[in-house]
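As structure tokens, the structure follows; a few thoughts come after it.
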Amino acid sequence: MDGRPKSVTQQCGDDYLRRDYYTLNAMVEMEDANSPVTKVHEYWLDLKNGAAIAPKADAFMSSKLWEMKIPDRVTIIDCSAENPLDFKFARHAYDVSDNDWIFGGRITGKSISRIPSSTLLGALEGDYLFAKSFPDSAMLRYTGIRQQINGVHRDFTRLLLPFTGVNNDVSMLVAVTRLRNPTVIDNNMGPHSKN
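Numbering-wise (the working numbering), the sequence shown opens with residue 2 and increments by one.
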């Protein structure tokens, strides 16, 4: 591999999404010690405590997000269902912030199939299914994302961290993000914008 990320670009109507998949080595270079991505990754490693697979879901303490001062950067996904369209947002980062909802409304407690943007739904379904399939730290999904969904333009990095359930199957994902640029609400910031 030459160090460049694998990129996937999708567009459907006015919705635009570009995902750059990076290695964990790239993540270490791109995220500093104060990054929410770094903080939650270190917490995940502490919970993992050297084990070969991901930590248990019941070990994750949501109160730690407030201690780290990043509750608005973390989303928790219940992925215990077989069908990825039945995965549910157990907690969304927007629950504690005044961010505009790119989903058309509050999404916590709802399945990902309720996301109105087919572009975003397909991307999340694929990324969540990938993360659920690999409970070890060698295959963590770290992504740079530029998107315009429902007129909201966001540019951020995201790390998906798996947590296991009773049978050591991945039953929960924690998605932690760091904004690279401020969120913009503007329908004129599609794929022609510079990356």
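Cβ atoms here follow ideal geometry from the backbone N, Cα and C, with glycine treated the same way.
Residue of the options minimising C-alpha distance to residue i
i: G110; options: S98, L121, A94, V38; result: A94
i: G14; options: Q148, V175, P183; result: Q148
i: K40; options: V185, R179, P183, I186; result: R179
i: S114; options: P136, D87, D128; result: D87
i: P136; options: E30, V185, N169; result: N169
i: T184; options: I146, M31, V171; result: I146
i: N85; options: E126, Y22, P6; result: According to the sequence as given, residue 85 is Pro; it is not Asn. The candidate whose alpha carbon is nearest that of P85 is E126.
i: V177; options: N50, E43, A55; result: E43
i: S36; options: A139, P72, M140, P117; result: P72
i: L122; options: K7, Q11, N50, A139; result: Q11
i: R20; options: L66, S134, A124, A34; result: A124
i: V153; options: G105, E83, M140; result: G105
i: V97; options: I116, K70, P117, A82; result: K70
i: I116; options: T24, F90, K65; result: F90
i: P6; options: T158, L46, K65; result: T158
Three-state class that DSSP yields for residue i in the structure shown
i: I77; result: strand
i: R142; result: strand
i: I71; result: coil
i: F131; result: helix
i: S118; result: coil
i: S64; result: helix
i: I150; result: strand
i: K111; result: coil
i: D137; result: coil
i: A124; result: helix
i: A55; result: coil
i: M2; result: Its pLDDT being 43, under 50, M2 is placed unreliably in this model, and the value from its coordinates should be taken loosely. Coil at M2, not helix or strand.
i: A82; result: coil
Same chain, Cβ closer than 7 angstroms to residue i, neighbours up to 5 away in sequence not counted
i: K57; result: F164, T165
i: N119; result: Note on residue identity: the sequence assigns Ser, not Asn, to residue 119. The residues are C13.
i: A82; result: F88
Beta-carbon contacts of residue i that lie in its chain and below 8 angstroms, excluding the five residues immediately before and after
i: R92; result: S63, V75, T76, I77, T109
i: Y129; result: I78, C80, P85, F88, I113, L161, L174
Close Cβ partners of residue i (< 6 angstroms) along its chain, the five nearest in sequence each way excluded
i: A132; result: R142, L161, P163, L174
i: N151; result: I103
i: N182; result: D156
i: M28; result: Y143
i: L60; result: This sequence places Ala at residue 60; Leu is not what is there. Once the five neighbours on either side are set aside, the close Cβ partners of A60 are L48.
i: E32; result: V38, T39
Whole-angstrom C-beta distance between residue j and residue i, which should lie under 8 angstroms
i: A55; j: V171; result: 6 angstroms
Q.
Extract the residue ranges of the beta strand (DSSP E) inside the region 159-193, only unbroken runs of 3 or more that lie entirely within it.
A. Counting whole runs of 3 or more residues, the region 159-193 contains the beta strand (DSSP E) stretches 171-186.
Quick check on the DSSP output: what are the complete beta strand (DSSP E) runs of length 3 or more inside the region 10-34, in order along the chain?
Annotation note: the region 10-34 contains the following uninterrupted beta strand (DSSP E) runs of length 3 or greater, listed N- to C-terminal: 16-23.
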